[in-house]
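Student: Have a look at this one before I ask anything.
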Amino acid sequence: MISYKLLSAEGEARLREVTENAAEEALQLLLYATGMDRTAYLLRRNDSAVREQAEAYRRLVAERAQGEPLQYLMRSQDFLGHTFAVGPGVLIPRPETEELALLCIQKIRDRGYRRVFDLCAGAGCIGVSIALKCPQTEVWLFEKYEPAIGYLQRNIPASAADRAHLIETDILNAPAKALPQPDLIVSNPPYIPTGEIPGLQREVLREPATALDGGDDGLAFYRAILRHWTPLLPVGGFAAFECGEDQADILCTMFSHVGNARKERDAFGADRFVTIEK
Ligand code: GLN
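Quick note on numbering: the sequence shown equals residues -2 to 275 in this note's numbering.
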C-alpha cells in the first residue's frame, strides 16, 4: 500500500506538466479526496492510504492533468473569505474580481447605498459578498444562464437570503419595469472578443464560453449596460465594471456621457476596472 505522502508526491509529478503550482494542487486534491485537513494530513502522511481514496485521488489527478480546472474538481472557490460552489457551467471567480467587489463595498459604506444590482452575476461572488459584508444593503443578482443560476441559488447563504434576490434575465434586454432603482451597479460581464476565445488557456476553455464571450469587440455587454442599465442610476449613483486591459480607455469614453468615468488598476498592474460617478 502507498502512503498519503507518496501518493501526493506521485500526483505532484503528474501535475508538473500542467501547472507551476503542482505541489500545492496535488496536496489540495489529496485533502479533497480523503476529507483530511492539513493538520490531519501532517499527522497521518506516513500511514497507508485507504484504497478507495487513493483511487479517487488518482482519478482527480488524471482529470487535472487533462486540463480540468482545480476549482471544478474541488467544486469550490474562496472569494473574500466566503466559499462559493462552482463547477462546469459557471465562471470560476478570479482574484482581480475580489478587488472589484471590495471597491464597491467601500463605496457602499462611504455613501450608505441601500440597493445594488450585480449584472451577469455568475456564481454570485460579487453580489453575495456585498450582501454579506453590507448588512444594510439589498442586492439584485441578474443572471441568464441556467447552470450558473443553479450555483447562484446554492451560493446565497441563508443569512443573506432576504437581501439577495436572484433575477433570471438577459441583461442585453431592457430591464423589467417593476425593478427598484439601484444606487450602485456592478458587473463583471463577458468581455473577451469572440476571435480571441480559441487562443485562451486550456483551463479557461473548460469554462462556459457564454461567461467569456463579449461579442466581436468584447464590448457587447457594456453597450447594453450603457443603453438599458446606467440610465436607472440616480445622480450620486455609482457604477463599477471589470474589463479587459485594452478596453478601459474605450469604456471611459463610452461612459463619460453618464458621469465621471475613470479607470483603475488591479493588483497585477493592469487597467482592469472602470468606475463611473453619476
Ligand atoms: N477575467 C476572465 C479571464 O481572463 C474573463 C472574465 C470575463 O470575461 N468577465 O478569463
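Glycine included, every Cβ here is placed at the ideal spot set by N, Cα and C.
1. Consider the C-beta atom of ARG91 and the heavy atoms of the ligand GLN; say whether any pair is separated by less than 7 Å.
2. Shortest alpha-carbon distance to GLY234 belongs to which of GLY241, ALA258 and GLN63?
3. Quick check on GLU165: does DSSP put it in helix, strand or coil?
4. Quick test of your reading: GLY86 and ALA145, contact by CB under 8 Å. State the CB separation rounded to the nearest angstrom.
5. Would you say ILE123 and LEU88 are within 8 Å of each other, going by their C-beta atoms?
6. Do ARG112 and CYS131 have their C-beta atoms within less than 8 Å of each other?
7. Could you check the C-alpha separation between LEU24 and GLU9 for me, to the nearest Å?
8. Thinking just about the alpha-carbon of each residue, which of ASP214, LYS2 and GLU140 is nearest to the one in LEU39?
9. When the Cα atoms are used, what is the spatial distance from PRO90 to ALA171?
10. Looking at LEU100: is its Cβ nearer than 8 Å to the Cβ of ALA237?
11. The ligand ZN and PRO187: does any heavy atom of the ligand fall closer than 7 Å to the residue's C-beta?
12. Would you say GLU239 touches the ligand GLN, meaning its beta carbon is less than 7 Å from a heavy atom?
13. Mind the definition here: the stretch 186 to 201 touches the stretch 139 to 157 only if three or more C-beta pairs lie below 8 Å; say whether that holds.
14. In the structure shown, what three-state DSSP assignment does GLU143 receive?
15. Among ALA158, GLY64 and ALA6, which residue has its Cα nearest to the Cα of LEU197?
16. On a CA-only basis, which of GLU165, PHE218 and GLU14 is nearest GLU239? Give me that one, please.
17. With respect to 7 Å, is the separation between the Cβ of LEU163 and the closest non-hydrogen atom of the ligand GLN below this value?
18. State yes or no: is the beta carbon of GLY215 nearer than 8 Å to at least one beta carbon in chain C?
19. Suppose contacts are defined by Cβ-Cβ distances below 8 Å. Is ALA221 in contact with LEU181 by that definition?
20. When you compare each of PRO187, TRP137 and ASN185 to LEU163 by their alpha carbons, which one comes out closest?
21. If we ignore side chains and look at the alpha-carbon of each, how far apart do ILE127 and ASP214 end up?
22. Ignore the nearest five residues each way along the sequence and tell me which others in ALA19's own chain have a CB closer than 6 Å to its CB.
23. Does the distance from the CB of GLU261 to the CB of THR250 come in under 8 Å?
24. Taking 7 Å as the cut-off, does the CB of ALA67 come closer than this to any heavy atom belonging to the ligand GLN?
Tutor: In short:
1. yes
2. The residue with the shortest Cα to Cα distance from GLY234 is ALA258.
3. Three-state DSSP puts GLU165 in a strand.
4. 7 Å
5. no
6. no
7. Whole-angstrom Cα-Cα distance: 8 Å.
8. LYS2
9. 26 Å
10. Their beta carbons are under 8 Å apart, which means LEU100 touches ALA237 by this criterion.
11. Absence of the ligand ZN from the depicted structure is noted, with the ligand GLN being the only ligands included.
12. yes
13. Because the criterion of three Cβ pairs below 8 Å is not met, the stretch 186 to 201 and the stretch 139 to 157 do not touch.
14. helix
15. GLY64
16. With distances taken between CA atoms, GLU239 lies nearest to PHE218 out of GLU165, PHE218 and GLU14.
17. no
18. Judged by its chain identifiers, the structure shown contains no chain C, having just a single protein chain.
19. no
20. The shortest Cα separation from LEU163 among PRO187, TRP137 and ASN185 belongs to TRP137.
21. 30 Å
22. GLU9, LEU12 and ARG13
23. no
24. Checking the sequence, you will find Leu at residue 67 rather than Ala. Because no heavy atom of the ligand GLN lies under 7 Å away, the Cβ of LEU67 does not count as near it: no.
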